[in-house]
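Visitor:
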Amino acid sequence: MSIKRKLENEEVVDEEVDNGERFRGFIHDAVGDKMFVTCDGVPPEFADRPPKITKKSHAPAGLAVGSWITFNLLDEWPGENWGSLLAVDIEEAEPDPD
688 MSIKRKLENE EVVDEEVDNG ERFRGFIHDA VGDKMFVTCD GVPPEFADRP
738 PKITKKSHAP AGLAVGSWIT FNLLDEWPGE NWGSLLAVDI EEAEPDPD
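As numbered in my numbering, residues 688 to 785 make up the sequence shown, in order.
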């Protein structure tokens with residue numbers, strides 16, 4: 688899994704080596720043009736910053752509350768501990784077989 692960080696010059700760097708694993712979760716809420724994702728795999732230091740989907744995510748069409756997705760994360764405000772992490776590279780996924 689990787690968390691990408693946006694630098695002051697707008698360059699984006701990977702925090703961790705991408706080992707092919709992606710975050711997995713489901714959209715639990717929609718507020719205006721933002722959707723919020725429940726994901727157990729988010730590192731503890733980001734627990735109070737749930738992933739969000741915005742127009743900057745370039746998400747596939749048709750996502751709604753209840754949709755399952757896989758994604759990477761972008762920390763738009765590194766070092767600030769401010770704002771939700773941005774879900775990027777989003778792909779639709781099958782629900783967990785509970």
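No residue lacks a Cβ here, since even glycine has one placed at the ideal position from N, Cα and C.
#1: So, for D783: in the same chain, excluding its five sequence neighbours on each side, which residues have a beta-carbon less than 6 Å away from its beta-carbon?
#2: Check each candidate in E781, W755 and W769 and name the one with the smallest Cα separation from G712.
#3: Using the three-state DSSP reduction, which class does E732 fall into: helix, strand or coil?
#4: Hey, G770 and R736 are a contact pair by Cβ (cut 8 Å); roughly how many whole angstroms apart?
#5: Are the CB atoms of V724 and P747 within a distance shorter than 7 Å?
#6: Who are the near neighbours of V752 in its chain, counting only those whose CB is closer than 8 Å to its CB and skipping five residues on each side?
#7: Among D762, F733, E708 and K743, which has the Cα closest to the Cα of D720?
#8: Who are the near neighbours of I740 in its chain, counting only those whose CB is closer than 6 Å to its CB and skipping five residues on each side?
#9: State the Cα-Cα distance for the pair G749 and A734, rounded to the nearest angstrom.
#10: To which residues of the same chain is A780 closer than 6 Å at the C-beta, ignoring the five residues directly before and after it?
Guide: Reading off the structure:
#1: Listed in chain order, the non-local C-beta contacts of D783 below 6 Å within the same chain number zero, local neighbours out to five positions each way being set aside.
#2: W755
#3: DSSP places E732 in helix when its eight states are reduced to three.
#4: 7 Å
#5: no
#6: I714, H715, D716, A717 and M722
#7: K743
#8: M722, A746 and A774
#9: 27 Å
#10: W755, I756 and T757
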